[in-house]
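Here's the structure, in C-alpha cells; my notes come after.
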Amino acid sequence: MERPYVSLIVPVLNEEGTIAACLAALQEQTYPKDRLEIIVADGGSRDATRRIVSEMARADSRIRLVENPGRSTAAGLNVGINQTRGSIVGAISGHSVPSSEYVERAVEALERTGAWAVGGIIERAGRNPVQRAIARATASPFGVGNSTYNYAQTGMYVEGVFPGMWPRWVFDTVGQFDPEMIRNEDNELSHRIREAGGTIWLEPAVRVLYEPRDTWRDVAAQYRGYAMGKVLVFRKHRSAIRLRHLAPAALVVGLSAGVLAGFLDRRLWVLTLTAATSYVGVLSIAARRMRHEGESTLRVLFAMLLIHGAYGLGTWEGLVRLSSGWLRRPQSGSAAPGEPT
Numbered sequence: 062m063e064r065p066y067v068s069l070i071v072p073v074l075n076e077e078g079t080i081a082a083c084l085a086a087l088q089e090q091t092y093p094k095d096r097l098e099i100i101v102a103d104g105g106s107r108d109a110t111r112r113i114v115s116e117m118a119r120a121d122s123r124i125r126l127v128e129n130p131g132r133s134t135a136a137g138l139n140v141g142i143n144q145t146r147g148s149i150v151g152a153i154s155g156h157s158v159p160s161s162e163y164v165e166r167a168v169e170a171l172e173r174t175g176a177w178a179v180g181g182i183i184e185r186a187g188r189n190p191v192q193r194a195i196a197r198a199t200a201s202p203f204g205v206g207n208s209t210y211n212y213a214q215t216g217m218y219v220e221g222v223f224p225g226m227w228p229r230w231v232f233d234t235v236g237q238f239d240p241e242m243i244r245n246e247d248n249e250l251s252h253r254i255r256e257a258g259g260t261i262w263l264e265p266a267v268r269v270l271y272e273p274r275d276t277w278r279d280v281a282a283q284y285r286g287y288a289m290g291k292v293l294v295f296r297k298h299r300s301a302i303r304l305r306h307l308a309p310a311a312l313v314v315g316l317s318a319g320v321l322a323g324f325l326d327r328r329l330w331v332l333t334l335t336a337a338t339s340y341v342g343v344l345s346i347a348a349r350r351m352r353h354e355g356e357s358t359l360r361v362l363f364a365m366l367l368i369h370g371a372y373g374l375g376t377w378e379g380l381v382r383l384s385s386g387w388l389r390r391p392q393s394g395s396a397a398p399g400e401p402t
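Residue numbers (my numbering): 62 to 402.
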C-alpha cells in the first residue's frame, strides 16, 4: 500500500550553525524517500544559511529553497503549505535534529489515532554550559510548567505539540497559521483545532533533538518573546488562558509589590523574603535533581529563574504594548517554530 506523501516545512532565518544537521537528518528518514519533500522557507538570512541549503538542494531534489517575504515563522509555514503537495504537512525547526523514524512514527500515529495533529518529545542537548543548563531546566515541570512535550513517557491527548504534523485537510478546515502571531503560531493553531472539535496527540516515539540558545541573553529574549506572543493568543482566544501561563507574571508582580510595600511596612519585606526564599528553595531542589553529573546546580537554578523572570516580564510587556497598540505583527522575527509554553 502506497504511503501518504509528506511535505516537511522548515522556516529559517540565519540558521547556518544548525540547518545542515537538520536537513541531513530529514534526508536519512526511514520513511520512503519518494514520498517525502522538504521545503526550506527562508526569511532573508544574511549568513551562510541560503548557501548551505542551496548546496544540499543541488544534491537532493527533494529539498527546495523558497522565499518567505513575510519573514515570520507563521508566514514561512504558510508559504510552504501553499507550495507543497503532500497530503500530510509537517513543521520542523531549523534548530532541531529529528530522529531517523520521526516522519514514519508521526504518520503512523496520525493514522492510528485519527488525531488532527501529532507531535513528539523534545530532547534538548547543548554544546556549552548555558545550553546544557537550559536543556536540564526545560526538562523539568518546575522549569516549564506542564508542557508535557518536554518530558512525557506515554502517548496522550494534549493541548498542543511542538513541532507538529497535520493532515492537509486540517488547514482547509480551520485555516492556516495566523501571520499576526509574533510567536506561538503553532499553539494558536492548536487552539483552533480544539475549538473545531479536533484532537492533538503526543507520541513519545516521535522524537526531535533541539539545540537551545547558547547565551543567557538570547535565552531571555527567547522566553520574553514567547510570553509576548502568548498575549496575542490570549487576545484572540480568551479560552486559551491557563493559570500556568500567568504564574510567571504573577510571580514578578507579587515580588515587586512586596518589595515596594515594604517601604510602608517592614513586616512585608520579611513576608516577601520568606516567599522568595521558599520559591528559590523549591527550584534549587528541582535543579539538583535535574542536573547531570559534572553540571552545576547553580547554573541549572539560574536557568529556571531566568526562564520564569523573562516570561513574566514578557507577559507584562506584552499587555502594555497591546493596550497601547504597539504589539502588532513583526516586520522580522525568529524562524524557529515557537514552542508551546
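All C-beta atoms in this analysis are idealised placements derived from N, C-alpha and C, irrespective of residue type, glycine included.
Check                                                                                                                                                                                : Outcome
Hey, quick one: how far does the beta strand (DSSP E) through Gly151 stretch, first residue to last?                                                                                 : 149 to 152
So for Tyr340, helix, strand or coil by DSSP?                                                                                                                                        : helix
What residue from Val140, Val179, Ile183, Val168 has the CA that sits closest to Pro159's CA?                                                                                        : Ile183
Do you know offhand how far His298's Cα is from Asp95's?                                                                                                                             : 40 Å
Grab the span of the alpha helix (DSSP H) containing Gly370 for me, first residue to last.                                                                                           : 358 to 384
Within 10 Å of its beta-carbon, does Phe324 have 16 or more other beta-carbons around it, so buried, or fewer, so exposed?                                                           : exposed
Between Ser161 and the rest of its own chain, which residues show a CB-CB distance below 8 Å, the 5 nearest in sequence each way excluded?                                           : Ala86, Glu89, Gln90, Thr91
Quick check: the Cα distance between Trp330 and Val314, rounded to an integer number of angstroms?                                                                                   : 14 Å
Count the other C-beta atoms from every protein chain shown that fall within 10 angstroms of the C-beta of Thr79, then say buried if there are 16 or more, exposed otherwise.        : buried
If I'm right that Ala186 touches Ala178 with Cβ under 8 Å, what's the distance once you round it to whole angstroms?                                                                 : Not a contact, Cβ separation roughly 25 Å.
Can you give, in chain order, each stretch of the alpha helix (DSSP H) that sits fully within the stretch 178 to 206 and has at least 4 residues?                                    : 190 to 198, 202 to 205
Let me check one thing: in DSSP terms, what residues is Ile124 bridge-paired to?                                                                                                     : Ile99
Give the list of continuous beta strand (DSSP E) stretches no shorter than 3 residues that lie fully inside the stretch 274 to 338.                                                  : none
Assuming Val235 is part of the alpha helix (DSSP H), what are its boundary residues?                                                                                                 : 230 to 235
How should Ser201 be labelled, buried or exposed, when 16 other C-beta atoms within 10 angstroms of its C-beta is the threshold for buried?                                          : buried
What's the C-alpha gap between Ala109 and Ala118?                                                                                                                                    : 14 Å
What does the Cβ neighbour count give for Met242, buried or exposed, with the cut at 16 atoms within 10 Å?                                                                           : buried
Please state the DSSP three-state secondary structure of Met62.                                                                                                                      : coil
Can you tell me where the alpha helix (DSSP H) with Glu255 in it begins and where it stops?                                                                                          : The displayed chain sequence assigns Arg, not Glu, to residue 255. Residues 246 to 256.
Near Val294, what residues of its chain come up, given a Cβ to Cβ distance below 8 Å and the 5 sequence neighbours on each side ignored?                                             : Met242, Asn245, Asn248, Glu249, His252, Ala301
Tell me, to the nearest whole angstrom, how far the beta carbon of Gly225 is from that of Gly151; I am working on the premise that it is less than 8 Å.                              : 7 Å
DSSP three-state label for Arg146, please.                                                                                                                                           : coil
Taking the alpha helix (DSSP H) that Glu264 falls in, what are its first and last residues?                                                                                          : Counting along the chain, Glu264 falls outside any alpha helix (DSSP H), though it belongs to the beta strand (DSSP E) covering 261 to 271.
Which of helix, strand or coil does DSSP assign to Ser115?                                                                                                                           : helix
Nearest to Pro240 by alpha carbon, out of Leu171, Pro190, Val140?                                                                                                                    : Val140
Bridge partners of Val158, per DSSP?                                                                                                                                                 : Leu270
Less than 8 Å between the beta carbons of Arg296 and Leu374, yes or no?                                                                                                              : no
Looking at the structure shown, is Val168 part of a helix, part of a strand, or coil, going by DSSP?                                                                                 : helix
Assuming Thr174 contacts Val292 under a Cβ cut-off of 8 Å, what Cβ separation, rounded to an integer in Å, is found between them?                                                    : In fact, because the Cβ distance is near 32 Å, the residues do not count as touching under 8 Å.
To the nearest angstrom, report how far apart Arg255 and Ile261 are at their CA atoms.                                                                                               : 8 Å
Answer with buried or exposed for Gln192, where buried requires no fewer than 16 other C-beta atoms within 10 angstroms of its C-beta.                                               : buried
On the DSSP letters alone, give me the boundaries of the alpha helix (DSSP H) that Leu84 sits inside.                                                                                : 80 to 88
Taking the alpha-carbon of Gly286 as reference, which of Phe223, Glu98, Glu378, Pro265 has the nearest alpha-carbon?                                                                 : Glu378
Where does Val343 land, buried or exposed, given buried means 16+ other C-beta within 10 angstroms?                                                                                  : exposed
Could you name the residues of the same chain whose beta carbon sits closer than 7 Å to that of Thr215, not counting the 5 residues immediately before and after it, in chain order? : Pro265
Is the beta carbon of Asn143 less than 8 Å from the beta carbon of Gly137?                                                                                                           : no
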